[in-house]
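Enquirer:
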Amino acid sequence: MAEAQETINGAIITFFSTASAVGKTLVGTNTAAELAREGYRVCLVDFDLQFGDVCNYLQIMPENTVADVQQGMATEGADCHVEDYLTPYEHEAAGFYVMAAPLQLDEAYNIRTQPMKIMLQHLQSLFDYIVVDTTSMFSELNLAVLDMSTVVIFLGIRDFFPTIKNMSIGNETLKNLHYDRNKLRIVLNRSDSQTDISLEMVEKTLGERFYHILPNDFRAASQSIKSGVPLVLNAERTELGAALRELVYRSTNQEYVDDYEQPQQQADGGFFSRLFGGKE
Numbered sequence: 013m014a015e016a017q018e019t020i021n022g023a024i025i026t027f028f029s030t031a032s033a034v035g036k037t038l039v040g041t042n043t044a045a046e047l048a049r050e051g052y053r054v055c056l057v058d059f060d061l062q063f064g065d066v067c068n069y070l071q072i073m074p075e076n077t078v079a080d081v082q083q084g085m086a087t088e089g090a091d092c093h094v095e096d097y098l099t100p101y102e103h104e105a106a107g108f109y110v111m112a113a114p115l116q117l118d119e120a121y122n123i124r125t126q127p128m129k130i131m132l133q134h135l136q137s138l139f140d141y142i143v144v145d146t147t148s149m150f151s152e153l154n155l156a157v158l159d160m161s162t163v164v165i166f167l168g169i170r171d172f173f174p175t176i177k178n179m180s181i182g183n184e185t186l187k188n189l190h191y192d193r194n195k196l197r198i199v200l201n202r203s204d205s206q207t208d209i210s211l212e213m214v215e216k217t218l219g220e221r222f223y224h225i226l227p228n229d230f231r232a233a234s235q236s237i238k239s240g241v242p243l244v245l246n247a248e249r250t251e252l253g254a255a256l257r258e259l260v261y262r263s264t265n266q267e268y269v270d271d272y273e274q275p276q277q278q279a280d281g282g283f284f285s286r287l288f289g290g291k292e
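Here the sequence shown is numbered in this note's numbering, starting from 13 and rising by one per residue.
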């Protein structure tokens, strides 16, 4: 791929949780897709190193992963072009790039933090937004990513009391890291799931109200994953898709207007040609 023709400093939006199966990947892929639909240059990074599902959710097969980037940096040094390891995703006229998680478990164990920080910094010079999906723990890599992030979406659900406890501990830990208050946004996913735990009880435990609430729609979410088309790009309008779009607008300080339209094909050859000078 050719180098981008302008230098930018892309914002990093990171999705984090202290519990598994809370919907980070679904929300992250839709965030990347909606930003791309709006015309931004977007890269989605899968840092759920052991069990990353971004490529499965988008139905794409990567040729390279973060493990290959790390190896490239070790052998090529400053001559390593991170953009050469990206996998493109495109639906209709909305397109973005994916930096895939390792394909082998042993590769995941060998990923080091410093090369990944360098990789993110390089991606910031190429993209308007870098969306990061993380694993559910306060690992060295996750803490480094949280430090670099412009916005951290802390995602939770209210299915069981242990999940609520972990959410509360995670939220308190994030507060103790002394990030700017505008950086952290706590979001409730699958808000109307069948449970005896009330929203009021969860917010009382957390000591604050949720920044945004996403409804539960198992059918729409499952169909989206099966088809590889994020809800925000699907022609079928859903309440969950609209709530995801609103979260993206709020997280990027844009006024939300529910005027969804499919993006138009660009006359100059599309998003990928604009980003890397016509060389894909």
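No residue lacks a Cβ here, since even glycine has one placed at the ideal position from N, Cα and C.
Please identify the residue among Leu245, Gly253, Tyr223 whose C-alpha is closest to the C-alpha of Arg262.
Expert: Nearest option by C-alpha distance: Tyr223.
Enquirer: Figure out for me which residue from Arg124, Glu220, Ala156 has the closest Cα to the Cα of Ser180.
Expert: Glu220
Enquirer: Taking contact to mean 3 or more Cβ pairs, one atom from each stretch, closer than 8 angstroms, check whether the segment 50–69 and the segment 145–160 are in contact.
Expert: yes
Enquirer: For His103, does the count of other Cβ atoms within 10 angstroms reach 16, so buried, or fall short, so exposed?
Expert: Label assigned to His103: buried.
Enquirer: For Phe166, which beta-bridge partners are listed by DSSP?
Expert: Phe28, Ile198
Enquirer: Who are the Cβ neighbours of Val260 in its own chain at under 7 angstroms, not counting the five residues just before and after it?
Expert: Only Thr43, Glu46, Leu47 meet the Cβ criterion.
Enquirer: Given a cut-off of 9 angstroms on the beta-carbon distance, is the pair Val78 and Tyr97 in contact?
Expert: Contact check for Val78 against Tyr97 passes: the beta carbons are separated by less than 9 angstroms.
Enquirer: By a C-beta neighbour count over all protein chains shown, 10 Å radius and 16 as the cutoff for buried, is Leu117 buried or exposed?
Expert: exposed
Enquirer: Would you kindly work out how many angstroms separate the C-alpha atoms of Gly22 and Asp159, rounded to a whole number?
Expert: In this structure, the straight-line span from the alpha carbon of Gly22 to that of Asp159 is close to 15 angstroms.
Enquirer: Can you tell me whether Val144 is helix, strand or coil according to DSSP?
Expert: strand
Enquirer: What are the boundary residues of the alpha helix (DSSP H) that includes Pro127?
Expert: 125–136
Enquirer: Short of 6 angstroms in beta carbon distance, which residues of its chain neighbour Gly240, apart from the five on each side in sequence? Order them along the chain.
Expert: The beta carbon of Gly240 sits closer than 6 angstroms to those of Leu70, Gln71, all from its chain and outside the five residues before and after it, given in chain order.
Enquirer: For Val163 versus His134, is the C-beta distance shorter than 9 angstroms?
Expert: no
Enquirer: Please list, in chain order, all residues of the same chain as Ile123 whose beta carbon is under 8 angstroms from its beta carbon, the five residues on each side excluded.
Expert: Leu61, Val78, Ala79, Gln82, Pro114, Leu153
Enquirer: Once the 5 residues before and after Ala16 are set aside, which same chain residues still bring their CB inside 6 angstroms of it?
Expert: Here Ala16 scores only 46 on pLDDT, less than 50, and its place in the model should not be relied on; the value that follows carries that caveat. Closer than 6 angstroms at the Cβ level, and outside the excluded window around Ala16, lie Leu138.
Enquirer: Can you tell me whether Asp140 is buried or exposed? The criterion is at least 16 other CB atoms within 10 Å of its CB, across all chains shown.
Expert: buried
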